[in-house]
Amino acid sequence: MILPATVFGLAITLSGPLLTTNASPDYYNILCRLPLIVLSTWMELLVFDLSNQRQPGSAVEDAVNKPWRPIPSGRISEEAARHLLMAAIPATIIKSILLGTTLETLVFFILTWIYNDLAASESHYLIRTLINALGISTYSASAAAVAARTSFSSFSSLSSPATLHTYTLATNLTITTPLTPRFYTWLLLLSLAIFLTITTQDLPDLPGDAAKGRPSMPLAIGEARARWSIAAGFVGASAACCAFWGAGWIGVLGAGIVLAGRAVAARGVEWDKGTWRGWCGWVAVVYCLPVWARWRGVV
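Numbering (this note's numbering), first residue to last: -7 to 291.
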(Lines of atoms letter the chains of each structure in order from A and count residues from 1; the text may use other names and numbers.)
(Lines give C-alpha, C1' and ligand atoms only; values in the text may rest on other atoms or scores of the structure.)
Protein backbone atom coordinates (compact mmCIF):
# COMPACT_ATOMS: atom_id res chain seq x y z
CA MET A 1 0.00 0.00 0.00
CA ILE A 2 3.04 2.29 -0.08
CA LEU A 3 2.67 2.92 -3.81
CA PRO A 4 -1.01 4.05 -3.74
CA ALA A 5 -0.30 6.37 -0.79
CA THR A 6 2.71 7.84 -2.61
CA VAL A 7 0.59 8.38 -5.71
CA PHE A 8 -2.02 10.08 -3.53
CA GLY A 9 0.53 12.45 -2.02
CA LEU A 10 1.95 13.38 -5.41
CA ALA A 11 -1.52 13.81 -6.92
CA ILE A 12 -2.63 16.14 -4.15
CA THR A 13 0.45 18.31 -4.60
CA LEU A 14 0.16 18.36 -8.39
CA SER A 15 -3.47 19.44 -8.10
CA GLY A 16 -2.14 22.82 -6.98
CA PRO A 17 -4.82 25.33 -5.95
CA LEU A 18 -7.60 22.75 -6.20
CA LEU A 19 -6.58 21.08 -2.93
CA THR A 20 -3.55 22.96 -1.55
CA THR A 21 -2.47 26.49 -0.76
CA ASN A 22 0.24 26.27 -3.43
CA ALA A 23 -1.09 27.76 -6.67
CA SER A 24 1.99 26.81 -8.72
CA PRO A 25 3.57 23.50 -7.68
CA ASP A 26 7.29 23.24 -8.31
CA TYR A 27 7.84 19.91 -10.06
CA TYR A 28 11.52 19.70 -9.11
CA ASN A 29 10.78 20.23 -5.42
CA ILE A 30 8.01 17.64 -5.59
CA LEU A 31 10.45 15.15 -7.11
CA CYS A 32 12.99 15.90 -4.37
CA ARG A 33 10.27 15.28 -1.80
CA LEU A 34 9.49 11.81 -3.17
CA PRO A 35 11.95 9.90 -0.91
CA LEU A 36 10.44 11.59 2.14
CA ILE A 37 6.92 10.62 1.07
CA VAL A 38 7.95 6.99 0.65
CA LEU A 39 9.91 6.96 3.93
CA SER A 40 7.05 8.53 5.89
CA THR A 41 4.50 6.07 4.54
CA TRP A 42 6.81 3.09 5.06
CA MET A 43 7.45 4.01 8.69
CA GLU A 44 3.76 4.35 9.49
CA LEU A 45 2.87 1.08 7.78
CA LEU A 46 5.76 -0.63 9.57
CA VAL A 47 4.16 0.28 12.90
CA PHE A 48 0.82 -1.11 11.75
CA ASP A 49 2.31 -4.32 10.34
CA LEU A 50 4.34 -5.02 13.47
CA SER A 51 1.34 -4.35 15.68
CA ASN A 52 -0.88 -6.54 13.53
CA GLN A 53 1.37 -9.49 12.84
CA ARG A 54 2.60 -9.89 16.43
CA GLN A 55 -0.95 -10.65 17.61
CA PRO A 56 -1.31 -14.32 18.68
CA GLY A 57 -4.17 -15.05 16.29
CA SER A 58 -2.36 -13.52 13.32
CA ALA A 59 0.13 -16.37 13.17
CA VAL A 60 -2.75 -18.82 12.66
CA GLU A 61 -4.20 -16.81 9.79
CA ASP A 62 -0.84 -15.99 8.19
CA ALA A 63 0.23 -19.63 8.29
CA VAL A 64 -2.64 -20.31 5.86
CA ASN A 65 -2.88 -17.10 3.81
CA LYS A 66 0.60 -15.56 3.97
CA PRO A 67 3.17 -18.14 5.12
CA TRP A 68 6.03 -16.02 3.71
CA ARG A 69 5.57 -13.32 6.36
CA PRO A 70 8.42 -13.01 8.91
CA ILE A 71 6.69 -14.58 11.93
CA PRO A 72 5.04 -17.66 10.34
CA SER A 73 8.17 -18.29 8.27
CA GLY A 74 10.28 -18.27 11.45
CA ARG A 75 12.48 -15.32 10.49
CA ILE A 76 11.42 -13.34 13.57
CA SER A 77 9.63 -14.16 16.81
CA GLU A 78 6.56 -12.40 18.20
CA GLU A 79 8.71 -11.09 21.06
CA ALA A 80 11.28 -9.66 18.65
CA ALA A 81 8.46 -8.03 16.68
CA ARG A 82 7.24 -6.41 19.91
CA HIS A 83 10.70 -5.00 20.62
CA LEU A 84 10.97 -3.67 17.08
CA LEU A 85 7.53 -2.07 17.45
CA MET A 86 8.66 -0.30 20.63
CA ALA A 87 11.50 1.25 18.65
CA ALA A 88 9.42 2.03 15.55
CA ILE A 89 6.74 4.01 17.40
CA PRO A 90 8.97 6.80 18.83
CA ALA A 91 10.98 6.91 15.59
CA THR A 92 7.77 7.47 13.63
CA ILE A 93 6.58 10.15 16.05
CA ILE A 94 9.88 12.01 15.61
CA LYS A 95 9.48 11.68 11.85
CA SER A 96 5.98 13.14 12.04
CA ILE A 97 7.21 16.17 14.00
CA LEU A 98 10.00 16.84 11.51
CA LEU A 99 7.79 16.45 8.43
CA GLY A 100 4.66 18.18 9.76
CA THR A 101 2.35 15.16 9.99
CA THR A 102 1.93 14.91 13.75
CA LEU A 103 -1.88 14.92 13.75
CA GLU A 104 -2.20 12.39 10.93
CA THR A 105 0.35 10.06 12.51
CA LEU A 106 -1.26 10.17 15.95
CA VAL A 107 -4.70 9.48 14.50
CA PHE A 108 -3.23 6.57 12.55
CA PHE A 109 -1.66 5.20 15.75
CA ILE A 110 -5.02 5.39 17.52
CA LEU A 111 -6.72 3.54 14.67
CA THR A 112 -3.93 0.93 14.71
CA TRP A 113 -4.44 0.43 18.44
CA ILE A 114 -8.21 0.06 18.03
CA TYR A 115 -7.83 -2.33 15.10
CA ASN A 116 -5.17 -4.60 16.60
CA ASP A 117 -5.04 -4.31 20.39
CA LEU A 118 -8.76 -3.69 20.93
CA ALA A 119 -9.49 -6.42 18.35
CA ALA A 120 -11.64 -4.32 16.03
CA SER A 121 -10.27 -6.56 13.29
CA GLU A 122 -12.16 -9.45 14.91
CA SER A 123 -15.38 -7.47 15.48
CA HIS A 124 -18.38 -7.01 13.21
CA TYR A 125 -17.26 -6.78 9.61
CA LEU A 126 -18.67 -3.25 9.28
CA ILE A 127 -16.50 -2.03 12.18
CA ARG A 128 -13.45 -3.72 10.68
CA THR A 129 -14.19 -2.23 7.27
CA LEU A 130 -14.68 1.25 8.74
CA ILE A 131 -11.37 1.16 10.62
CA ASN A 132 -9.66 -0.09 7.47
CA ALA A 133 -11.07 2.78 5.41
CA LEU A 134 -10.16 5.40 8.00
CA GLY A 135 -6.68 3.98 8.43
CA ILE A 136 -5.89 3.99 4.72
CA SER A 137 -7.25 7.53 4.39
CA THR A 138 -5.23 8.72 7.38
CA TYR A 139 -1.81 7.50 6.27
CA SER A 140 -2.61 8.70 2.75
CA ALA A 141 -3.38 12.15 4.20
CA SER A 142 -0.02 11.98 5.96
CA ALA A 143 1.68 11.32 2.63
CA ALA A 144 -0.19 14.28 1.14
CA ALA A 145 0.92 16.57 3.96
CA VAL A 146 4.55 15.55 3.43
CA ALA A 147 4.30 16.04 -0.33
CA ALA A 148 2.57 19.42 -0.13
CA ARG A 149 5.30 21.01 2.00
CA THR A 150 7.58 21.60 -0.95
CA SER A 151 9.00 25.07 -0.30
CA PHE A 152 12.53 24.09 0.59
CA SER A 153 15.80 24.35 -1.21
CA SER A 154 17.49 21.26 0.22
CA PHE A 155 16.84 18.24 2.39
CA SER A 156 18.38 20.08 5.32
CA SER A 157 15.63 22.68 5.19
CA LEU A 158 12.16 21.36 5.92
CA SER A 159 10.40 24.70 6.03
CA SER A 160 6.73 24.87 5.16
CA PRO A 161 5.20 26.86 2.33
CA ALA A 162 4.72 30.55 3.02
CA THR A 163 0.94 30.17 2.88
CA LEU A 164 -0.70 27.66 5.19
CA HIS A 165 -4.29 27.02 6.14
CA THR A 166 -5.08 27.15 9.86
CA TYR A 167 -7.73 24.91 11.42
CA THR A 168 -9.03 25.37 14.97
CA LEU A 169 -9.79 21.95 16.42
CA ALA A 170 -10.58 23.11 19.95
CA THR A 171 -9.79 25.94 22.34
CA ASN A 172 -6.05 26.61 22.17
CA LEU A 173 -5.62 23.77 19.69
CA THR A 174 -4.91 24.70 16.08
CA ILE A 175 -3.05 23.09 13.21
CA THR A 176 -1.51 24.66 10.14
CA THR A 177 -1.28 22.74 6.90
CA PRO A 178 -0.93 23.37 3.15
CA LEU A 179 -4.11 21.31 2.64
CA THR A 180 -7.34 23.23 2.05
CA PRO A 181 -10.87 22.42 3.28
CA ARG A 182 -11.72 20.97 -0.13
CA PHE A 183 -8.95 18.42 0.37
CA TYR A 184 -10.71 17.10 3.47
CA THR A 185 -14.00 16.90 1.59
CA TRP A 186 -12.23 14.85 -1.09
CA LEU A 187 -10.59 12.71 1.61
CA LEU A 188 -14.00 12.01 3.15
CA LEU A 189 -15.36 10.89 -0.22
CA LEU A 190 -12.32 8.66 -0.72
CA SER A 191 -12.87 7.15 2.72
CA LEU A 192 -16.39 6.24 1.65
CA ALA A 193 -15.11 4.77 -1.63
CA ILE A 194 -12.60 2.64 0.26
CA PHE A 195 -15.24 1.58 2.78
CA LEU A 196 -17.45 0.33 -0.05
CA THR A 197 -14.71 -1.65 -1.81
CA ILE A 198 -11.99 -2.65 0.68
CA THR A 199 -13.71 -5.99 1.35
CA THR A 200 -12.04 -7.05 -1.91
CA GLN A 201 -9.00 -7.91 0.23
CA ASP A 202 -11.04 -10.50 2.16
CA LEU A 203 -11.86 -12.61 -0.89
CA PRO A 204 -8.46 -14.33 -1.30
CA ASP A 205 -8.14 -14.62 2.51
CA LEU A 206 -11.26 -16.73 3.06
CA PRO A 207 -9.36 -19.92 4.09
CA GLY A 208 -7.25 -18.10 6.69
CA ASP A 209 -10.17 -16.05 8.01
CA ALA A 210 -12.20 -19.22 8.45
CA ALA A 211 -9.29 -20.90 10.28
CA LYS A 212 -8.94 -17.91 12.60
CA GLY A 213 -12.68 -17.49 13.08
CA ARG A 214 -12.66 -13.91 11.82
CA PRO A 215 -16.18 -12.79 10.80
CA SER A 216 -15.24 -11.11 7.51
CA MET A 217 -18.07 -9.99 5.24
CA PRO A 218 -17.92 -13.01 2.88
CA LEU A 219 -18.11 -15.39 5.86
CA ALA A 220 -20.75 -13.35 7.72
CA ILE A 221 -23.27 -12.70 4.93
CA GLY A 222 -22.22 -15.27 2.36
CA GLU A 223 -19.68 -15.09 -0.43
CA ALA A 224 -22.20 -14.37 -3.21
CA ARG A 225 -23.79 -11.42 -1.39
CA ALA A 226 -20.38 -10.04 -0.48
CA ARG A 227 -19.24 -10.18 -4.10
CA TRP A 228 -22.32 -8.34 -5.33
CA SER A 229 -21.86 -5.76 -2.57
CA ILE A 230 -18.26 -5.20 -3.67
CA ALA A 231 -19.36 -4.90 -7.30
CA ALA A 232 -21.96 -2.27 -6.41
CA GLY A 233 -19.31 -0.44 -4.39
CA PHE A 234 -16.90 -0.31 -7.31
CA VAL A 235 -19.51 1.17 -9.65
CA GLY A 236 -21.03 3.56 -7.11
CA ALA A 237 -17.70 4.82 -5.75
CA SER A 238 -16.27 5.31 -9.25
CA ALA A 239 -19.31 7.30 -10.34
CA ALA A 240 -19.30 9.46 -7.19
CA CYS A 241 -15.60 10.31 -7.48
CA CYS A 242 -15.91 11.14 -11.19
CA ALA A 243 -18.94 13.33 -10.47
CA PHE A 244 -17.02 15.19 -7.74
CA TRP A 245 -14.34 16.25 -10.24
CA GLY A 246 -16.31 16.15 -13.48
CA ALA A 247 -13.57 14.04 -15.04
CA GLY A 248 -12.41 10.47 -15.49
CA TRP A 249 -15.70 8.97 -16.55
CA ILE A 250 -14.20 6.65 -19.15
CA GLY A 251 -11.04 5.60 -17.32
CA VAL A 252 -12.14 5.45 -13.68
CA LEU A 253 -15.73 4.34 -14.15
CA GLY A 254 -14.67 1.90 -16.85
CA ALA A 255 -12.09 0.35 -14.50
CA GLY A 256 -14.69 0.19 -11.74
CA ILE A 257 -17.13 -1.67 -13.98
CA VAL A 258 -14.44 -4.15 -15.05
CA LEU A 259 -13.46 -4.84 -11.43
CA ALA A 260 -17.11 -5.16 -10.47
CA GLY A 261 -17.60 -7.83 -13.09
CA ARG A 262 -14.42 -9.57 -12.04
CA ALA A 263 -15.42 -9.59 -8.36
CA VAL A 264 -18.67 -11.36 -9.22
CA ALA A 265 -17.55 -13.72 -11.97
CA ALA A 266 -13.85 -14.50 -11.40
CA ARG A 267 -13.68 -16.75 -8.34
CA GLY A 268 -10.90 -18.71 -6.70
CA VAL A 269 -7.90 -17.67 -4.63
CA GLU A 270 -5.66 -16.75 -7.56
CA TRP A 271 -8.41 -14.83 -9.36
CA ASP A 272 -9.30 -13.02 -6.13
CA LYS A 273 -5.66 -12.07 -5.59
CA GLY A 274 -5.72 -10.52 -9.05
CA THR A 275 -8.90 -8.61 -8.20
CA TRP A 276 -7.23 -7.29 -5.05
CA ARG A 277 -4.24 -6.11 -7.08
CA GLY A 278 -6.74 -4.51 -9.43
CA TRP A 279 -8.25 -2.67 -6.47
CA CYS A 280 -4.84 -1.21 -5.63
CA GLY A 281 -4.48 0.02 -9.21
CA TRP A 282 -8.05 1.34 -9.30
CA VAL A 283 -7.65 3.36 -6.11
CA ALA A 284 -4.38 4.84 -7.41
CA VAL A 285 -6.19 5.97 -10.57
CA VAL A 286 -9.00 7.46 -8.47
CA TYR A 287 -6.38 9.35 -6.47
CA CYS A 288 -5.22 11.02 -9.70
CA LEU A 289 -8.63 12.52 -10.52
CA PRO A 290 -7.84 16.02 -9.15
CA VAL A 291 -4.71 16.20 -11.31
CA TRP A 292 -6.73 15.16 -14.34
CA ALA A 293 -9.37 17.77 -13.51
CA ARG A 294 -6.77 20.53 -13.09
CA TRP A 295 -4.97 19.79 -16.34
CA ARG A 296 -8.24 19.63 -18.24
CA GLY A 297 -9.47 22.80 -16.55
CA VAL A 298 -12.86 21.31 -15.71
CA VAL A 299 -12.98 22.73 -12.17
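Here a beta-carbon is modelled for each residue, glycine too, at the ideal position from N, C-alpha and C.
Predicted model, so just to flag it, every value in this text is computed and none were measured.
Item                                                                                                                                                                           : Value
From ARG217 to GLY240, what does the alpha carbon distance come to, in whole angstroms?                                                                                        : 28 Å
What residue ranges within the stretch 232 to 272 form continuous alpha helix (DSSP H) runs of no fewer than 4 residues, ordered along the chain?                              : 246 to 257
What is the DSSP secondary structure of THR158, counted as helix, strand or coil?                                                                                              : strand
Report the partner residues of LEU171 according to the DSSP bridge assignment.                                                                                                 : THR12
In chain order, which beta strand (DSSP E) runs of at least 3 residues are fully inside the stretch 173 to 214?                                                                : none
Which residue wins for smallest C-alpha separation from CYS280, given the options VAL250, SER65, GLY238 and GLN47?                                                             : GLY238
Indicate whether LEU37 and LEU77 have their beta-carbon atoms separated by less than 8 Å.                                                                                      : no
Relative to the C-alpha of ALA135, which residue among ARG288, SER16 and ILE22 is closest?                                                                                     : ILE22
Give me, in chain order, the residues of the same chain whose beta-carbon lies closer than 6 Å to that of LEU188; leave out the 5 immediate sequence neighbours on both sides. : GLY225 and ALA229
Going by DSSP in three states, LYS58 sits in which element: helix, strand or coil?                                                                                             : coil
For ALA203 and VAL275, what's the separation of their Cα atoms in angstroms?                                                                                                   : 29 Å
Using alpha carbons as the reference points, say which of LEU103, ALA139, TYR131 and SER132 lies closest to ILE119.                                                            : LEU103
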